[in-house]
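J.: In order, the protein sequences belong to chains F and X.
So the first sequence is numbered by this note's numbering: it starts at 647 and just counts up by one.
So the second sequence is numbered by this note's numbering: it starts at 33 and just counts up by one.
Handing you this structure, nothing more for now.
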Amino acid sequence: AQKVTQAQTEISVVEKEDVTLDCVYETRDTTYYLFWYKQPPSGELVFLIRRNSFDEQNEISGRYSWNFQKSTSSFNFTITASQVVDSAVYFCALSEAKGGTSYGKLTFGQGTILTVHP
Amino acid sequence: ETGVTQTPRHLVMGMTNKKSLKCEQHLGHNAMYWYKQSAKKPLELMFVYNFKEQTENNSVPSRFSPECPNSSHLFLHLHTLQPEDSALYLCASSQDLPGGGETQYFGPGTRLLVL
């Protein structure tokens with residue numbers, strides 16, 4: 647069975663600090679997909695990134711960057727120079743390829759509450 | 033309207049009431065989902081519809097009844113709910129891919145309070 651662990655329940659930083667949100671996953675499949683979503687106070691989950699298991703290149707998008715390491719089954723998310731608007735709950739999620747036991751379902755971690763203070 | 037919309041955004045109901053949540057996606061997707069998000073639990077998948085056919089029912093109590101009349105609309109009919117059903121109900125849609133791994137796009141959710 648697939649599992650996603652976000653060990654950090656809450657993180658509090660001051661604006662302009664860099665912050666890394668950890669995500670560790672478990673899966674038996676060799677083909678799988680990893681996601682990050684942001685949930686601001688309004689409630690909607692906003693899609694941030696999708697990576698497949700064959701692409702280990704790190705990705706940068708503005709102040710956001712992601713570090714995917716298959717050797718440690720981790721897919722960490724870093725926000726550089728954090729801003730108050732980054733305050734939200736961040737979810738890491740895993741989807742196995744269809745044909746496996748999970749039929750492509752998304753499994754979410756518990757989420758990390760990030761608070762950025764001015 | 034763009035993306036995924038949900039109505040109502042907030043709902044308060046008594047345990048004997050009957051109400052329905054509505055979700056509409058404007059993305060041309062063919063799969064839709066209902067999730068429940070409670071305060072102290074991770075997101076729980078409730079139902080999946082693929083091309084209007086229900087493909088997943090995660091042991092959800094019968095007081096929750098989904099309906100998917102077409103690939104753009106999804107309803108969740110509620111009746112005789114319990115206080116523990118109070119939660120944020122999120123709808124999502126995706127374009128089904130043969131190999132899986134499709135990205136799900138979420139609506140803003142309906143915050144439900146059962147008294």
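Just so you know, even glycine gets a beta-carbon here, dropped at the ideal spot from N, CA and C.
Is it true that the segment 111-127 of chain X meets the segment 62-79 of chain X, where meeting means three or more beta-carbon pairs spaced less than 8 Å apart?
T.: yes
J.: Quick one: is the Cβ of F/E742 within less than 7 Å of any heavy atom of the ligand MN?
T.: Questions concerning the ligand MN fall outside what the structure shown contains, since it holds no ligand whatsoever.
J.: Does any C-beta atom of chain F lie closer than 8 Å to the C-beta of X/Q86?
T.: no
J.: Under a CB-based cut-off of 8 Å, is X/F83 close to chain F?
T.: no
J.: Could you check the C-alpha separation between X/L129 and X/A63 for me, to the nearest Å?
T.: Looking at the two C-alpha atoms, the distance is approximately 10 Å.
J.: Do you know how far the Cα of F/E661 is from the Cα of X/V92?
T.: 42 Å
J.: Could you run through the segment 689-706 of chain F and flag, in chain order, every residue whose CB is less than 7 Å away from some CB of chain X?
T.: Identification of residues in the segment 689-706 of chain F having a C-beta nearer than 7 Å to some C-beta of chain X yields G689, E690, L691, F693, R696, N698, given in sequence order.
J.: Between F/E672 and X/L77, what straight-line distance do the alpha-carbon atoms span, to the nearest angstrom?
T.: 19 Å
J.: Hey, does X/G46 have any beta-carbon neighbour from chain F nearer than 8 Å?
T.: no
J.: For F/P764, count neighbouring C-beta atoms within 10 Å of its own C-beta (all shown protein chains included) and say buried if the count is 16 or more, exposed if not.
T.: exposed
J.: Give me the chain X residues within the contact set of F/L760, using Cβ-Cβ distance strictly less than 8 Å, ordered along the chain.
T.: Those within 8 Å of F/L760 in chain X number zero; the least Cβ separation is about 17 Å.
J.: Output needed for X/G46: all residues of its chain with C-beta closer than 6 Å, excluding positions within five of it in sequence on either side, in chain order.
T.: L147
J.: For X/V75, which of X/Y65, X/Y81, X/P115, X/S126 has the nearest alpha-carbon?
T.: The sequence as given places Leu at residue 75 of chain X; Val does not occur at that position. Residue X/Y65 is the option with its Cα nearest to X/L75.
J.: Using a beta-carbon distance below 8 Å, is X/F107 in contact with chain F?
T.: no
J.: Note down, in chain order, each residue of its chain lying with its Cβ closer than 7 Å to the Cβ of F/K684, except the 5 sequence neighbours on either side.
T.: V692, L694, A734, Y736
J.: Contact defined as beta carbons within less than 8 Å: I believe X/F107 pairs with X/K54. What is the distance between those atoms, to the nearest angstrom?
T.: Cβ atoms of X/F107 and X/K54 come within 8 Å of each other, at about 6 Å.
J.: Is the CB-CB distance between X/T135 and F/F700 below 8 Å?
T.: no
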